[in-house]
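S.K.: Heads up, the sequence shown is in our numbering, so the first residue is 3 and it goes up one at a time. Glycine residues also receive a C-beta, built at the ideal position from the N, C-alpha and C atoms. All values derive from a computational prediction rather than experimental measurement. Pasting in a structure now, in structure tokens, and then I'll have a few things to ask.
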Amino acid sequence: MKMILAIALGYILGSIPFALVIGKVFYHTDVRKYGSGNLGGTNAGRVLGKKVGAIVILLDALKVVLAMGLACQISVSAGIWAGTACCIGHCFPVFAHFKGGKAVASSFGFFLSLWIFIFHDPRYFLLPLLMFLVVLYLFKFVSLGSICALLFSALYITGTVWNIADLSVIAAAWIMTILVIYRHKANIGRIRSGTENKISWL
3 MKMILAIALG YILGSIPFAL VIGKVFYHTD VRKYGSGNLG GTNAGRVLGK KVGAIVILLD
63 ALKVVLAMGL ACQISVSAGI WAGTACCIGH CFPVFAHFKG GKAVASSFGF FLSLWIFIFH
123 DPRYFLLPLL MFLVVLYLFK FVSLGSICAL LFSALYITGT VWNIADLSVI AAAWIMTILV
183 IYRHKANIGR IRSGTENKIS WL
């Protein structure tokens with residue numbers, strides 16, 4: 003029962019659409035009607051400005067940290083699955099007709115939580131972040147950097163977690179990787195056709 007409650011808590015926290023809330027409350031703008039239509043930090047930044055985008059990214063990451071921090075009081079597995087549910091909730095939020103973001107910031111919230119609550123090792127957060135920044139610098143695609151970061155993280159976790167009791171974190175890492183790739187399927191198509199937007203500030 004506690005595990006179910008932890009997962010439910012994670013999903014509910016993940017469903018909080020900060021891009022939508024900030025856009026409507028402070029800017030009287032529904033970001034779903036502009037840009038890519040996604041409720042994530044990238045689209046919020048594109049529509050409302052870089053400052054808002056950064057705030058949304060931070061809040062989307064921190065909601066996962068909160069979910070995992072609370073659920074880890076029950077057990078490590080509860081924390082892992084609460085974090086996974088939070089990322090799923092971000093993509094399919096009950097408070098926004100199940101149309102949310104792409105789980106990139108929330109995935110980094112998961113990586114940060116692995117460092118803080120699970121492994122106490124900064125590499126679980128810093129190495130995927132480095133992969134994201136390197137790919138972003140080389141190719142100028144946020145979507146490609148995000149996908150590569152998730153793939154790297156899943157491979158790194160798979161290669162470094164040997165305790166059978168921690169196998170849930172491997173499963174969670176691959177679930178989130180598949181989720182992020184699925185949410186970026188349109189971006190992948192645009193990259194292949196040469197029509198994906200590149201960042202201009204790097």
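Quick check for students: name the residue ranges of the alpha helix (DSSP H) that lie wholly in the segment 60-140, counting only runs of 4 or more.
M.R.: 78-93 and 106-115
S.K.: At the level of alpha carbons, what is the spacing between LEU50 and VAL182?
M.R.: 23 Å
S.K.: Secondary structure at ASP168, three-state DSSP: helix, strand or coil?
M.R.: helix
S.K.: Would DSSP call TYR36 helix, strand or coil?
M.R.: coil
S.K.: Could you tell me which of TRP83, CYS88 and LEU128 sits nearest to PRO158, measuring between CA atoms?
M.R.: The residue you asked about is not Pro; residue 158 is Tyr in the sequence shown. Ranking the options by Cα distance to TYR158, first place goes to LEU128.
S.K.: For LEU7, report the span of its alpha helix (DSSP H) as first-last.
M.R.: 4-16
S.K.: So, with DSSP's three-state summary, where would you put ILE201?
M.R.: coil
S.K.: Using a Cβ-Cβ cutoff of less than 8 Å, which residues in the same chain neighbour LEU68 once the five nearest sequence positions on both sides are dropped?
M.R.: Residues LEU15 of the same chain have their beta carbon placed closer than 8 Å to that of LEU68, with the five preceding and five following residues left out of the count.
S.K.: GLY12 and GLY85: beta carbons closer than 8 Å?
M.R.: GLY85 is positioned such that its CB atom lies closer than 8 Å to that of GLY12.
S.K.: Which residues bound the alpha helix (DSSP H) around VAL144?
M.R.: 144-162
S.K.: Round the Cβ separation of PHE2 and LEU131 to the nearest angstrom and send it over; I've been treating them as touching at under 8 Å.
M.R.: Outside the displayed range of the chain (3 to 204) lies residue 2, so it cannot be described from this structure.
S.K.: Taking the alpha helix (DSSP H) that GLY47 belongs to, which residues open and close that run?
M.R.: 43-50
S.K.: Check this for me: beta carbons of VAL54 and ALA63, under 8 Å apart or not?
M.R.: no
S.K.: Count the other C-beta atoms from every protein chain shown that fall within 10 angstroms of the C-beta of ARG194, then say buried if there are 16 or more, exposed otherwise.
M.R.: exposed
S.K.: In three-state DSSP terms, what is THR31?
M.R.: coil
S.K.: On the premise that GLU198 lies in contact with SER148, defined as a C-beta separation below 8 Å, what is that separation, rounded to the nearest angstrom?
M.R.: So it is not a contact: roughly 12 Å between Cβ atoms.
S.K.: GLY191 by DSSP, collapsed to three states: which one?
M.R.: helix
S.K.: Of all the options CYS74, VAL78 and CYS89, which has the alpha carbon lying nearest to the alpha carbon of VAL66?
M.R.: CYS89
S.K.: Anyone know if the C-beta pair for ILE201 and LYS142 falls short of 8 Å?
M.R.: yes
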